[in-house]
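Asks: Residue numbers (the working numbering), protein chains in the order written: chain A, 0 to 321; chain B, 0 to 321.
We put the beta carbon where it would ideally sit given N, CA and C, even for glycine.
#1: Exposed or buried, which one is residue 155/A when buried takes at least 16 other CB atoms within 10 Å?
#2: Grouping DSSP H, G and I as helix and E and B as strand, with all else coil, what is residue 145/B?
#3: Indicate whether the contact test is met: 3 or more Cβ pairs, each with one atom in the stretch 59–68 of chain A and one in the stretch 24–37 of chain A, closer than 8 Å.
#4: Report the partner residues of residue 1/B according to the DSSP bridge assignment.
#5: For residue 282/A, return the contacting residues in chain B, with the cut-off set at a CB-CB distance below 8 Å.
#6: State the beta-bridge partners of residue 226/A as determined by DSSP.
#7: Verify the CB distance criterion: does residue 37/A have a CB-CB separation below 8 Å to chain B?
#8: If you reduce the DSSP assignment to three classes, tell me which class residue 63/B lands in.
#9: Taking the beta strand (DSSP E) that residue 260/B belongs to, which residues open and close that run?
#10: Give me, in chain order, the residues of the same chain whose beta-carbon lies closer than 8 Å to that of residue 238/A; leave out the 5 immediate sequence neighbours on both sides.
#11: How would you list, in chain order, the residues of chain A whose beta-carbon sits under 7 Å from the beta-carbon of residue 141/B?
#12: Nearest to residue 230/A by alpha carbon, out of 8/A, 309/A, 301/A?
#13: Tell me which residues of the stretch 69–91 of chain A have at least one Cβ-Cβ distance to chain B shorter than 7 Å, keeping chain order.
#14: What do you get for residue 305/A, buried or exposed, if any count of 16 or more other CB atoms within 10 angstroms of its CB means buried?
#15: Identify whether residue 217/A lies in helix, strand or coil by the three-state DSSP scheme.
#16: Do residue 133/B and residue 117/B have their C-beta atoms within less than 8 Å of each other?
#17: Closer than 8 Å by C-beta to residue 58/B: which residues in its own chain qualify, once you throw out the five before and the five after it? Chain order, please.
#18: Check whether the stretch 252–267 of chain A and the stretch 212–221 of chain A are in contact - that is, three or more C-beta pairs closer than 8 Å.
#19: On the CB-based measure, 16 or more other CB atoms within 10 Å of its CB, does residue 277/B come out buried or exposed?
#20: Determine, for residue 164/B, whether the minimum Cβ-Cβ distance to residues of chain A falls below 8 Å.
#21: Contact between the stretch 190–201 of chain B and the stretch 30–42 of chain B: three or more CB pairs below 8 Å?
#22: At what residue ranges does the stretch 148–219 of chain B contain a whole run of the beta strand (DSSP E), taking only runs of 3 or more?
#23: Assign residue 207/A to one of two classes, buried (16 or more other C-beta atoms within 10 Å of its C-beta) or exposed (fewer than that).
#24: Find out if the Cβ-Cβ distance for the pair residue 111/A, residue 172/A is shorter than 8 Å.
#25: Let me check understanding here. Comparing Cα to Cα, which of 179/A, 250/A, 38/A lies closest to residue 286/A?
#26: Thinking residue 195/A and residue 261/A are a contact (beta carbons under 8 Å), I'd like their distance in whole angstroms, please.
#27: Among the residues of its own chain, which have a CB less than 8 Å from the CB of residue 161/B, if the five just before and after it don't count?
#28: Examine chain B for any beta-carbon lying closer than 8 Å to the beta-carbon of residue 97/A, and answer yes or no.
#29: Looking only at its own chain, which residues have a Cβ that is under 6 Å from the Cβ of residue 281/A, when we skip the five neighbours before and after it?
#30: Pick from 290/A, 297/A, 298/A: whose alpha carbon is nearest that of residue 137/A?
#31: Nearest to residue 0/A by CA position, among 9/A, 6/A, 16/A, is which residue?
#32: When the Cα atoms are used, what is the spatial distance from residue 81/B to residue 146/B?
#33: Short check: CB of residue 283/A to CB of residue 88/A, under 8 Å?
#34: Under 9 Å Cβ-Cβ, which residues of chain A neighbour residue 10/B?
#35: Which residue comes first and which comes last in the beta strand (DSSP E) that contains residue 68/A?
#36: Just to check, is the beta-carbon of residue 51/A closer than 7 Å to a non-hydrogen atom of the ligand SAM?
Structure follows, in C-alpha cells:
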C-alpha cells in the first residue's frame, strides 16, 4: 500500500513508519523538522520536510502519492511543561488537521488515522490520584485542562464528520503517554518517563542524589510503551471501529514511583526536591481499556518496568559520553 | 482608526462596517464572496474579495492596513438547516480564526473582536422550551449540539490564549440569533425570523395560507435586532472586558409565535403543516443578560415586534415584484 505518515519524523510516527516499511509498504513521511532533527530517518521511505498545515504543497504530495492510508501524528506538543506554557501554539495544530481533512475529501484515501490524546478528558474526572480510569464517554461533557486537549477533541469531531458527511473511513485513538527509546529526554518537550530517567542519570553521574520533582510526586498516570502503541494503531486500522478509542496502558503509577523505578535501574537511592509550582496537569489519569478489549480483543500489555528498563538503557547510552 | 472587518460582506459585518464608516474610521472589508453577493457594499470602504483563511494574501492585507482594530465576523454558517447538514464545512471556519490570530501576533492590532455564538452552550441545558436562560458559565462543561458551536468554543479559548500569551487585547461576544433587514431570507442559509416572514409572504401571495413549519413550533429562542448587535459590539470594544459575554436579546418566543407575528404583519391567518423531521436544534434557548448589564450597563432592548416589523417590511419590498 501507499502510506503517508504525517509527523513521521517524530517519536510515534517514526516507529509506525519503521513498522510499515518492515511490512513492505511504500511509505512517504512528512515532517516540519529538518531531517537532522527527525527521531528516526528511514532511508527506505520518501522523506519530505514540509509543514503539513500548508495546503498547496500538501496537495502536491497527496496528488503524487495516491495514498491508500494516511496517518496523522503531526502536532505541536510536548510534556506537561510545554503544553501548559504554550497553549496558543498547541491550539494552532488544528491547521494540520483541517488541511489533511480537506485533502482527504479531495484525494479519498481508503483510511485515515487521527492521533487524539487522553488530554481530551474532562479535568473534573481527574482530580484525585486514584480517580477512576477514564472510559471513552468521559470526554463529554467536555472540560479538558489544556487547549491542547480541546484541540484534539474538536479534531475528533471534525474527523467524525469527515467520515459521516464525506465517506472517508476514519480511525481515532486517544493515546495515553507513549514512551520508549528514541524519544525526547531533554530540552523541555520530554515527558515524565524520560525526564525521570534523565534526572536520575544526572544525579548518578554528579553524585548529588537530590532530584528535582514537579509537584509532590503523588500525581498518577499510566504510560504505554511504544511497541504496544504501534500494535494498537495497526489493529485499530484493521478493525472497522470508527469512534474514538483509548489506546493506553492501564498500569497506574505515581510520578514519584516512576522516578523511584528509574533510580532502581541506576542502582542509587535518590531524595526529592519537590517543586510544587511546576506544571503538573491533572491529579490522576488512567486508561479504562474495556472498550479496546471488546473491539480489538487486545489491549496494551507490556509492563511499565520492562519498557522503562529499555528506555533507561537507551537514554543512559545517549548520555554516557557527557 | 484603521479598521479591518472580516466577513464584512455578510449580514452583521456589513452593518458594523456601515457604523464604522459613519464614525469616520478608515475601513477595510475582506469577504470571500464576490462583491455582487455582499449584503451591503460600502463605496467608502476598501473592499477586498479574499478567503480570510489564506495566510499569505491576508498577511499582505495586514501589512498594508496597519490596523488598530480587527473585527472577525467571517465564518461558514447559516440557520439550523445549514449548520446541521454541513457540520464539516462549519468546522473548517476555524481556519479563518487561526490565520487571523497568527496575523494578530505578527502585526499587533490594538484590539481584536471575535464573534462567537450561543451555539457554544451545552445542549443538555437547553432541552425544554422553558429552559433557564443561559449564563456565560453554562458553556462549560461543554456539549454543543453542533460542530459549529464546538468550533466557536475552541476559538474562544484560542483567542483567550492569544490575549494571555501574546498580549493582544481580545473581545469575545456570543451572538444570539441576529436578524434584521438586509439579511438572508431564502436559499437555505436564512434563519428563523426571515424564514417565517418569507413563508408568510409566500402564503399571502399564493392565497394558500398553509405554512410549513420546522418542528412542532413550540421550540423557543430569543432574537436580537441588528441595531442592538452593532451597539453591543461597539460598547464591548470600548470596555475592558476580555472574557466571552452574551450579546443577545432575552425576549423569549416560540418559533410558532414568531410565525404568528409575521402573519399578523401580513394581516392573514395561517395554518401550519408541521415537519417534525426538519432540523430544529436545541429545544429552548435564551440569553441571560446579567453579566452584560453589569459589565456594560446596557443590554439589547429593541422589542422583537419592532425589529420584526422592520424586517417584514424590507423582505416584503424585496419580494413584491415576484
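Replies: Looking at the coordinates:
#1: To locate residue 155/A, count along the first chain from 1; it is residue 156. With a threshold of 16 other beta carbon atoms within 10 Å, residue 155/A meets it and is buried.
#2: Here residue 145/B is taken as the residue at index 146 of the second chain, counted from 1. Coil, per DSSP.
#3: yes
#4: To locate residue 1/B, count along the second chain from 1; it is residue 2. Residue 1/B is bridged to 25/B.
#5: In the first chain, residue 282/A corresponds to position 283, counting from 1. Those do not exist, as residue 282/A stays about 17 Å from chain B at its closest Cβ, beyond 8 Å.
#6: Counted from its first residue, the first chain places residue 226/A at position 227. Answer is none; residue 226/A lacks a bridge partner.
#7: Reading the first chain from its first residue, position 38 is the one you call residue 37/A. For residue 37/A, the answer is no, since every Cβ of chain B falls outside 8 Å of its Cβ.
#8: Along the second chain, one-based indexing puts residue 63/B at 64. Residue state, collapsed to three classes: helix.
#9: Counted from its first residue, the second chain places residue 260/B at position 261. No beta strand (DSSP E) contains residue 260/B, which is instead part of the alpha helix (DSSP H) from 254–265.
#10: Sequence index remark: in the first chain, residue 238/A carries index 239 (1-based). Correct list, in chain order: 170, 294, 295.
#11: As a first step, residue 141/B must be located in the second chain, where it is residue number 142. Neighbourhood of residue 141/B in chain A, by CB distance below 7 Å: 140, 141, 142, in chain order.
#12: In the first chain, residue 230/A corresponds to position 231, counting from 1. If we check each option's Cα against that of residue 230/A, 301/A comes out closest.
#13: 86, 87, 90, 91
#14: By 1-based counting over the first chain, the position of residue 305/A is 306. Flag for residue 305/A reads exposed.
#15: Indexing the first chain from 1 puts residue 217/A at position 218. In the structure shown, residue 217/A sits in coil (DSSP, three-state: anything other than H, G, I, E or B).
#16: Position 134 of the second chain holds residue 133/B. Position 118 of the second chain holds residue 117/B. Yes, they are a contact pair.
#17: Position 59 of the second chain, counting from 1, holds the residue named residue 58/B. 102, 105, listed in sequence order.
#18: yes
#19: Within the second chain, residue 277/B is the residue found at index 278, counting from 1. Exposed, because fewer than 16 other Cβ atoms sit within 10 Å of the Cβ of residue 277/B.
#20: As a working mapping, residue 164/B is identified with position 165 in the second chain. Yes - at least one Cβ of chain A is within 8 Å of the one on residue 164/B.
#21: no
#22: 168–174, 209–213
#23: If you number the first chain from 1, residue 207/A lands on position 208. Residue 207/A counts as exposed, since fewer than 16 other beta carbons sit within 10 angstroms of its beta carbon.
#24: Walking along the first chain from the start, residue 111/A turns up at place 112. Walking along the first chain from the start, residue 172/A turns up at place 173. The criterion of a C-beta distance shorter than 8 Å is not satisfied by residue 111/A and residue 172/A.
#25: Looking up residue 286/A in the first chain gives position 287. When each option's Cα is compared against that of residue 286/A, the closest is 250/A.
#26: Within the first chain, the letter at position 196 stands for residue 195/A. Within the first chain, the letter at position 262 stands for residue 261/A. Confirmed, about 5 Å.
#27: As a working mapping, residue 161/B is identified with position 162 in the second chain. The answer, listed in chain order, is 100, 103, 104, 111, 167, 169.
#28: Indexing the first chain from 1 puts residue 97/A at position 98. At least one CB atom of chain B sits nearer than 8 Å to the CB of residue 97/A.
#29: Translated into the one-based positions of the first chain, residue 281/A becomes position 282. Answer for residue 281/A: 122, 125, 144, listed in chain order.
#30: Here residue 137/A is taken as the residue at index 138 of the first chain, counted from 1. Out of 290/A, 297/A, 298/A, 290/A has the C-alpha closest to the C-alpha of residue 137/A.
#31: Here residue 0/A refers to the residue found at position 1 of the first chain. Here the closest residue by C-alpha is 16/A.
#32: Counting from 1 along the second chain, the entry for residue 81/B is found at position 82. Counting from 1 along the second chain, the entry for residue 146/B is found at position 147. Roughly 12 Å separates the two Cα atoms.
#33: By 1-based counting over the first chain, the position of residue 283/A is 284. By 1-based counting over the first chain, the position of residue 88/A is 89. Contact flag unset, no.
#34: Against the second chain, residue 10/B aligns to sequence position 11. Scanning chain A for C-beta atoms nearer than 9 Å to the C-beta of residue 10/B yields nothing, as the closest lies near 25 Å away.
#35: Position 69 of the first chain, counted from the first residue, corresponds to residue 68/A. Boundaries of the beta strand (DSSP E) harbouring residue 68/A: 68–71, taken from the DSSP string.
#36: Of ligands this structure carries none, so the ligand SAM is not represented either.
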